[in-house]
Amino acid sequence: MFVINCPYCGEREQSEFKAGGEAHIIRPKQPTELSDDEWAEYLFMRKNIKGVQFERWNHAHGCRKWFNVVRDTSNDAIKAVYKMGEKPPTY
Amino acid sequence: MTKNLRVKTSKFIDETYKISFKFNRTTYYGYKGDTLASALLANDVHLVGRSFKYHRPRGIMTAGSEEPNAIVQLHNNSARTEPNVRATEIEIYEGLEASSQNCWPSVNFDIGGINNFLSPVLPAGFYYKTFMWPASFWEKYEYFIRKSAGLGKSPTEPDPDIYEHKYIHCDVLVVGAGIAGILAAKTAAKNGFKTLLLDEKSYLGGSTIYQNIENHKINNQISNSWLEKEINEIKKLKNLEIKVRTSVAAFHGYNFLLARENLTDHLPLDQRKNKTRHRLLKIRAKKVIMATGSLERPLIFDNNDRPGILLSSAIEKYANLFGVACGEKGVLFTNNDSGYETAISLFQKGINIEAIIDNRENIDSKLIKEIEKNNIKVFKGYTVVNTSGYKRINNVSIMQLSKDGQKVVGPKLSIACDYLGISGGWTPAVHLFTQSGGKLKFRDEDQVFIPNIYSSDQISIGSCNGDFTLDEILSSIPNKLKEFLDLKKSDYDDLEVQSSFNKSKRNIWLLPSDKVIGKTKPFVDYQNDATAKDIKLALREGFRSIEHVKRYTTTGMGTDQGKLGNMHALGIISETAGSKMGELGTTTFRPPYTPLTFGTIVGRNVGEYFDIFRKTPIHEWHVQNKAEFENVGQWKRAWYYPKNGESMHNAVQRESKAARDSAGILDASTLGKIDIQGTDASEFLNRVYTNAWSKLAIGRCRYGLMLNEDGMVYDDGVTTRLDENHYIMTTTTGGAATVLGKLEDYLQTEWPELDVYLTSVTDHYATISVCGPNSKKIVSQVIPDLDFSDKSFPHMSFKNAKIDKIKCRVMRISFTGEQSYEINVQANYGKSVWEKCMEIGKEFNITPYGTETMHLLRAEKGFIIVGQDTDATMTPIDLQMDWIVSKKKYDFIGKRSLYRSDTIKEDRKQLVGLLTENPDEVLEEGAQIVADIKKSPIEMLGHVTSSYYSPNLKKSIALGVVRGGKNMIGHKLIIPMENKNINVTVADPVFLDKENKRINA
Ligand SMILES: [Zn+2]
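So the sequences go chain by chain: A and B. Each residue of the first sequence is one higher than the last, beginning at 1 in my numbering. Each residue of the second sequence is one higher than the last, beginning at 10001 in my numbering.
Below, the structure is given as structure tokens:
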């Protein structure tokens, strides 16, 4: 069980948070213009990286804010935490 | 007949405090400070159980938590009885009753013992090969295996003891209070770190504290007396909390550890009342210092498992700590200097040693010289090739090792004995380190795995780090601690250490024998009866991965998790397969390190505290009126209200009829309620629901369907426009939290530009729904000031009102198909408003109904329940709810998915009504629906999702999903059941009042 540094509340136990999958997947502005394949790319395709991954997390049992986490999925080391809309750090 | 083998007083044993206990129904005596194992050994009892597969007699092997053999059933009491207790760990108390668990009918006469003679036909993988087929025989096998395999008995009554959980946060956690742990704890605590020191034993100081030989000295004092002074000092440190009898079970990432503190298991039974038995500590430490020590390795030779064969270090501990001799005629067998330490201790206590057998030749060791000075015979370059004695060892056969250690040569010698100590060197206890994600490296010179890469802020010190000798430990620790804790100096910078230990070891994983391997039984895993022969067989059969060999041979799979033999298994595999040790890796050590009881794991979360439950503000009324309750998520919802011993069926039929004939009342407070405000609230609803919201007038309500982005129905409910920029949304009871989460997700991440605020108000309102043809008459008396005329207050509209000065919101909405009013009032007024409705409704026979009747009524009307009639594969089109999907809106969540190639298929499962040929036959929910039962395999078309007997239609009705069902109205289908086939006709899902006359009446 890891500890996440919520950008609004500070360090809290993982059990207070909900994982929201891969970050920086933007919902298409004009879904009706997309082919089935293009829509499926947005809907289903996720990288699921072993290593450094950019993820969305929600402080579900806290401030309810969504934010981004950079996590190494091979050892759960959290490299960075940043708010929605902020520029992602490079790794 | 029984002997007293208590040799010399030990300060750890209180000989003035005599304790009686029972083992296998015989009464014995021991002293305060004894473990069950030491007290049995003092009474010359070695035979404590039978092995798992061959049922060979087994004796006490170790003096610690790694014990594979001495596993007992504790307490002769159906509530407290506990299996798998290690006799080497349990401290005796007045009244203790224990019995061997691995034998049937008794430890001395064991039916399964015949397996020992059948062993040529019980090779590795025996269980997999034999009990696999025929499958129908499993029940018979299982009885035999369970009975004779002796897995222990579980209690049959609730556990009467108290358990609890506790969170601890500390700067430095030190695991293990041997010499390394004591030094670390003192250094950390004295330098301002809030420190916690844990040890699984009842005393501090590890093995150093009872080692009393002149050869090991610190600052010119014998090591144990030096350490004793340190222990007395740390007990006074304010920053340090010390917990004994506390074993760390798990070491997770981010320095999160679980430990079990054992508080009462050592107390006499009458002193345990009202005390917490075990406490599960949930520890989050900034820094962790592992000082878990090491485990002595056995040696692998033919018949190395007889009672009376113990680890050499265990024999030393029994003598030094408990003052107990393991027998009267001893032989020690070693491949390193540890065996001589034991010998010197025994000699000092006057315990007989016949001989020492050492794998090594020509070793220059002070310890050996001291032994030889005392005329104890040492066989150098020899090995044990066999032992004899069925229930107790009585003889060892030894032979000389060849130069390369692969063969035995020369004549076979025989030495009579009644105990044999074995030492194969030491294995660092790295189990917890690897659990935490740490990576090991293999050290070739003494064939050990030691910590290499740490996954968190932690270090390993002392013998768990491969520093085995006193001078290695004491010279490395000060610098390691200073670096880890960022200190300039420590109290231990200038220690003067004297140690006579020669580090050489002659490591031979499987010792050679004069017999071929097929004729020998060299045990690698004692508890699971896995021999070196089994491991070699697994390799011959093609297994290569250590994980596969482990499962095939069951090596390391017992309650001891192979703490003793895993290294030998690895060694034998690598030798046989010709691979290098370090490259094979190790098997994974999984939590818990030692078994935990269920009581410890659940703590106080038992009975009504097992899970949180939520009650509506009207809950007490339901209880007083004898409602049966149903769990919906965490809610307790009134399910039905049986009258005068009515069955559930009769109660539901009565309630359903009353609701349509006159009036019913339902507590709907559990429905999720989300308050939505902001200038973009209408636009937001447009995007999250399938239908259009912008034109909804203030004061009107609308039903909405919410989809996932994949087009599948996610939730539904009625939303009311309270004001220009203010809505209240209702969600399903179970979906309230996830819907809010999903809405927040879109709002915060996809549409942060929208001016919308969401607030959960589920708990803030009580919701009372009054329905039926007389509902209007009732509510208009409850709220006399409000105009309930259809013109002023039509279906799907809302009004603010007051009941005796209490503000309320009234919605005219219906989930039953009847005219229906929902009164929402501040939660704490809920019960009084409910009672008022009941009082006024009396003359109309107002009938409280529960969730079951609610489900029946809506099914008559063909209204879906999300999660019952849908799963995550149903689109609104599949539900025949095309009318609610806006064609005009450019976008909403899930819209694009509604015309993916898969979702537009005609033969998707679609919601239909089902009517049985026999109107009294009620279908089973979940039953399969087919068209042709002759076809093989039968094609499954769908299943029944909701089914009831409708008292209002006087027939059975059901909803179901059927492949292509939309175009099958009137078709006959079949529901095959275990003993019959039921004929049904596909129908429109709306069974009652298709024209909505009742709602608008
Ligand atoms: Zn937060």
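C-beta: ideal position from N, C-alpha, C; glycine also.
Against chain B, a Cβ distance below 9 Å from Met-84(A) picks out Gln-10748, Thr-10749 and Pro-10752. Look at Trp-66(A): its C-beta is under 8 Å from a C-beta on chain B. DSSP, reduced to helix, strand and coil, places Cys-10417(B) outside both helices and strands of the structure shown, so it counts as coil.
Linking Glu-41(A) to Arg-10687(B) through their CA atoms gives a straight-line distance of about 21 Å. For Gly-62(A), the CB falls within less than 7 Å of some heavy atom of ligand 1.
Residues Leu-10041, Ala-10042, Asn-10043, Asp-10044, Val-10324, Ala-10325, Cys-10326, Gly-10327 and Glu-10328 of the same chain have their beta carbon placed closer than 8 Å to that of Leu-10005(B), with the five preceding and five following residues left out of the count.
Just measuring C-alpha positions, the residue of Thr-10088(B), Thr-10576(B) and Asn-10375(B) sitting nearest Thr-10594(B) is Thr-10088(B). When the alpha-carbon of Tyr-10746(B) is set against those of Glu-86(A), Asn-58(A) and Thr-90(A), the nearest one is in Asn-58(A).
For Gly-62(A), no CB of chain B lies under 8 Å from its own CB, so it is not counted at the interface with that chain. In the three-state DSSP reduction, Phe-10863(B) falls in the coil class, being neither helix nor strand.
In this structure, the beta-carbon distance from Tyr-10765(B) to Asn-10828(B) does not fall below 8 Å. Setting aside the 5 residues that flank it on each side, Lys-50(A) is surrounded in the same chain by Thr-73 and Ser-74, each with a C-beta closer than 7 Å to its C-beta; the list follows chain order. Neighbours of Phe-2(A) across chain B, judged by C-beta separation under 7 Å: Gly-10253 and Tyr-10254. Taking the Cβ of Lys-18(A) as the reference point, every heavy atom of ligand 1 lies at 7 Å or farther away. Taken through DSSP and simplified to helix, strand or coil, Tyr-42(A) comes out as helix. Taking Thr-10387(B) as reference, the option from Gly-10381(B), Gly-10308(B) and Ser-10886(B) with the minimal CA-CA separation is Gly-10308(B).
For Asp-10710(B), the neighbours in chain A by C-beta distance under 9 Å run, in chain order, Leu-43 and Phe-44. Taking each of Asn-10394(B), Lys-10563(B) and Leu-10047(B) in turn and checking the Cα distance to Asn-10024(B), the smallest one comes out for Leu-10047(B).
DSSP places His-10055(B) in the coil class of the three-state scheme, outside both helix and strand.
Taking the Cβ of Tyr-8(A) as the reference point, at least one heavy atom of ligand 1 falls within a distance shorter than 7 Å. For Arg-10858(B), not one C-beta of chain A is nearer than 8 Å to its own C-beta. In the DSSP annotation of this structure, the continuous segment of the beta strand (DSSP E) that includes Ala-10249(B) starts and ends at 10246 to 10252.
Membership of His-10622(B) in any beta strand (DSSP E) is not indicated; the residue belongs instead to the alpha helix (DSSP H) covering 10619 to 10624. Look at Gly-10466(B) here: in three-state DSSP terms it is coil, with no helix or strand label. Restricting attention to Ala-10429(B), Ile-10422(B) and Lys-10412(B), the CA atom closest to the CA of Glu-10066(B) is found in Ala-10429(B). In the three-state reduction of the DSSP assignment, His-10548(B) falls in the helix class, which pools H, G and I. At least 8 Å separates the beta-carbon of Ile-10969(B) from that of Ile-10975(B).
Of the candidates Tyr-10318(B), Lys-10217(B), Gly-10339(B) and Thr-10520(B), Lys-10217(B) places its Cα closest to the Cα of Leu-10470(B). In this structure, DSSP gives Glu-10261(B) an extended state, which the three-state scheme calls strand. Contact between the region 10712 to 10719 of chain B and the region 10728 to 10740 of chain B is present, with at least three C-beta pairs closer than 8 Å. Inter-residue distance for Phe-10012(B) and Lys-10563(B) is about 27 Å (C-alpha atoms, whole angstroms). Apart from the 5 residues on each side of it in sequence, Thr-10851(B) sits with its Cβ closer than 6 Å to the Cβ of Glu-10630, Arg-10637 and Trp-10639 in its chain, given in chain order.
Annotation: Cβ neighbours of Arg-10896(B) in chain A (cutoff 7 Å, chain order): Pro-31, Thr-32, Leu-34 and Trp-39. When 7 Å is used as the limit between beta carbons, Asp-76(A) is near these residues of chain B: Gly-10253, in chain order. Contact annotation: Gly-10176(B) and Ala-10355(B) have beta-carbon atoms that are not nearer than 8 Å. Closest in C-alpha terms to Lys-10802(B), from the list Val-10810(B), Val-10770(B) and Asn-10845(B), comes Val-10810(B).
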